[in-house]
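For reference, the structure is listed below as structure tokens.
Chains as they are written, first to last, in my numbering: chain A, 87 to 199; chain B, 35 to 833.
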């Protein structure tokens, strides 16, 4: 069965395990990011409205530049595979912190971040 | 919200970073869309489930799902730390040595691109991403501004957003299933990038040309968001990431970081700044303003695709190019250089001395004779030999005493013949025949050559002596032929003609060779007749190499059907000859001897010939047939794969396919881009997977689709066999007996004599499954010796 699906998708025999791992990774990661996006976008739009979105873009530009610089340095130091693991762990912890703040400290400005 | 953008960027970049260095360009084309497709069901499930879940648990608690999934993928990667890690690390460490240094740019614009973007391909793709992000952000903003008008509560808003994006993903799945890979295959990588701007452009034109209505805007912009989302994940990102694959892994990672990581913040900044200023001035973003803005960006977006196409092509060419060592220009007239060369002429290394003497002589150095004579006393035989050849060449009569001295105090016996030749050359021997008689035959030959090197001034007695030797015993005849061969003088053609008629194989074989070496064109007909009559084809082969291109003139090549061994020889040597005559001969042979096409292709390729349109048509037909035959061989192989005992036949078929690919590429090189296809052939022979994938990618740009697809299939097949990754089954079932019968009787696959012999060898094993033995008795009379032997063996075994 697996062989037939692999043939259908032009995945070679030796690639099946790797491709399936990567597919599953993308699936799980996509779900996690999607839930976070829905929650954050809703919270922001509800709290500040769409007219403040450009400010988020500007702030986002600054923050993302820093994130990206850190990403490139870390990638050079620890390699892309380990970096992916680190990012996933940091993401899980950061989302947990977000939840704690939003749940227990009715802090409106937090939805910006 | 900001961290949401950060999460999207970082996870995406890290994931594709891992994927990018694991696959090469060909694998990327096949697998990126599959790997990337994991995101689509994820988003469909998340958006639809979130729209329901949010009503039950609230917006904030949705974050728990995110936490669980992040932890889930983290644990998955920890538990499956297998090939991905190892291969990635290997590739990175391997590439560190092989990666190219950053190119040095001199043009100011190129300098900036080189500094910040590493190369032009990364720059052009980054530009494409920047425009793409700007378009997405403006469309997203316009759409969100429209839906915010009619939202009710926070939960309803969350539910609407989730549902909307959920539909977007369904659209993406449909697109992925119905169009994605086919469109990329049909349009090609770079052209496929034009689809998003064109589709969004059309939707935008609709907004601008139709009347105003709130719901229409909501739906059209909603539609644009959906189209943009769907295309981004299924088409744009996989295709763009494949475009990075020809680069070495380090450059690829850098490309990913720049194109995706750095352009998003820039796009956010540009769009954010524009919207902030615009909203402060106007209060809200009007739909027609947004549409015009998007329209302008679309044009720029489409324009960036053309830039990518151009740069991608250049990049492929450059990564496939060989490094050429240009060397240092030597200024021979420079006194400092001369001084250095004189110094080197006294070196203890013979090659250095010879090279210096040669350069000094070529530069017209005044004291060269003195330096040459000085080096005649050098203890190194290589240097002495070189000096003696220069003494003869320059007729340095003054060197005679020194040459005699060397002969008297001979330290290196191997130099004696050359010293004798030089001595006789310089003396012009006035002592007559008596002087020669005391010499041993080997030295006598050298003395004769020395005497006859003066051409017009050769003493009559010397010619008489040569004539006598040509009529003497076997050893004398051979010496005479060797003398003539070395002199290459027209005056002795009649002697060679006479010796061609000699009955002794040693003599006529040598005479055949000497005829070519001395370029006696008028003897060629006689030479071929003798070779044909006596079977001295090896000598004929050698002599034809000496004759070279002029022998292929119409006046020398016989009209009508030539015997097969002679045709083979003519084709083979024509490939080594440089000139138009041999090319014309090969082109005419394409028509006269269609069965020899493979050999002719090899020869034409060998001599890098430029062929006529008529020949191109013939070769085109041949390539098509060859591709069909190779595909049939592949089918045979796949059918035999089910039977381990037929491994020998499989190996023979594989080897033929491997050979066929090279010959087809050689034929294609004759009428497409020769230097680049030659590079592809070179890389194919080397079989290095990473470079081969780039080479095949390059090939796609060089040859027509109809040829490429078949050839690509064959190359993939050979790679699969080589790396033991063969998973494809045969497209139709053919039994082993049928295959053997096909090969032996019809031979539609054009198998060689070796493969036929191997197929024949399988017959005794097939007796159990009712193999028709008459197949062996039905074969025609024109059988190869090898096949014939195998057939007799098999028949004897069976009887």
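Heads up, the beta-carbon is just placed ideally off N, CA and C, and yes, glycines get one too.
Contact list for residue i against chain A, beta-carbon separation under 7 Å
i	result
residue 100(B)	118, 121, 122 and 181
residue 69(B)	105, 108, 109 and 112
residue 47(B)	157
residue 376(B)	Here the premise fails: no neighbours, minimum Cβ distance about 53 Å.
residue 77(B)	116 and 120
residue 104(B)	118, 174, 177, 178 and 181
residue 55(B)	166
Candidates the options: closest to residue i by CA position
i	options	result
residue 506(B)	725(B), 104(B) and 529(B)	529(B)
residue 81(B)	116(A), 112(A), 176(A) and 175(A)	116(A)
residue 309(B)	123(A), 136(A) and 169(A)	136(A)
residue 55(B)	39(B), 159(B), 719(B) and 281(B)	281(B)
residue 697(B)	632(B), 279(B) and 533(B)	632(B)
residue 110(B)	160(A), 171(A) and 159(A)	171(A)
residue 93(A)	65(B), 57(B) and 40(B)	65(B)
residue 331(B)	197(B), 232(B) and 384(B)	232(B)
residue 628(B)	49(B), 608(B), 655(B) and 409(B)	655(B)
residue 657(B)	742(B), 588(B), 603(B) and 757(B)	742(B)
residue 17(B)	199(B), 278(B) and 288(B)	With chain B covering only 35 through 833, there is no way to say anything about residue 17(B).
residue 544(B)	521(B), 511(B) and 314(B)	511(B)
residue 618(B)	603(B), 645(B) and 99(B)	645(B)
residue 751(B)	224(B), 799(B), 277(B) and 692(B)	692(B)
residue 621(B)	558(B), 664(B) and 704(B)	704(B)
residue 607(B)	197(B), 583(B), 99(B) and 588(B)	583(B)
residue 96(A)	527(B), 737(B), 61(B) and 392(B)	61(B)
residue 89(B)	181(A), 125(A) and 143(A)	125(A)
residue 610(B)	593(B), 625(B), 321(B) and 579(B)	579(B)
CB of residue i within 7 Å of CB of residue j, strictly
i	j	result
residue 792(B)	residue 643(B)	no
residue 700(B)	residue 601(B)	no
residue 45(B)	residue 164(A)	no
residue 829(B)	residue 683(B)	no
residue 150(A)	residue 307(B)	no
residue 513(B)	residue 479(B)	yes
residue 596(B)	residue 560(B)	no
residue 577(B)	residue 541(B)	no
residue 69(B)	residue 227(B)	no
residue 834(B)	residue 67(B)	With chain B running from 35 to 833 in the structure shown, residue 834(B) is simply not present.
residue 440(B)	residue 453(B)	yes
residue 639(B)	residue 290(B)	no
residue 605(B)	residue 637(B)	yes
residue 410(B)	residue 436(B)	yes
residue 167(B)	residue 301(B)	yes
residue 527(B)	residue 554(B)	yes
residue 38(B)	residue 112(A)	no
residue 783(B)	residue 666(B)	yes
residue 459(B)	residue 500(B)	no
residue 224(B)	residue 312(B)	no
Cβ separation of residue i and residue j, assumed to be a contact under 8 Å, to the nearest whole Å
i	j	result
residue 172(B)	residue 324(B)	6 Å
residue 616(B)	residue 641(B)	7 Å
residue 748(B)	residue 668(B)	7 Å
residue 755(B)	residue 733(B)	Contact flag wrong, Cβ pair sits at about 19 Å.
residue 178(A)	residue 108(B)	7 Å
residue 415(B)	residue 448(B)	6 Å
Cross-chain neighbours of residue i in chain A, by beta carbon under 8 Å
i	result
residue 80(B)	116, 117, 120, 121 and 124
Proximal chain B residues relative to residue i, where beta-carbon distance stays under 8 Å
i	result
residue 164(A)	The contacting residues do not exist; residue 164(A) stays about 11 Å from chain B at best.
residue 173(A)	44, 45 and 48
Interface partners of residue i on chain B, CB under 7 Å
i	result
residue 65(A)	A query on residue 65(A) cannot be resolved here, the shown segment of chain A reaching from 87 to 199 and no further.
residue 153(A)	40, 43 and 44
residue 130(A)	35
Neighbour list for residue i in chain B, Cβ cutoff strictly below 9 Å
i	result
residue 142(A)	35, 36, 39, 302 and 306
residue 94(A)	Going along chain B, no residue has its Cβ under 9 Å from residue 94(A), so there is no contact; the nearest lies around 11 Å.
Amino acids of chain E, ordered along the chain, whose beta-carbon sits closer than 7 Å to that of residue i
i	result
residue 145(A)	In the structure shown, chain E does not exist; the protein chains are A and B.
Chain A residues whose Cβ lies nearer than 9 Å to that of residue i
i	result
residue 10(B)	In this structure chain B extends from 35 to 833, so residue 10(B) is not present and cannot be described.
residue 316(B)	Here the premise fails: no neighbours, minimum Cβ distance about 11 Å.
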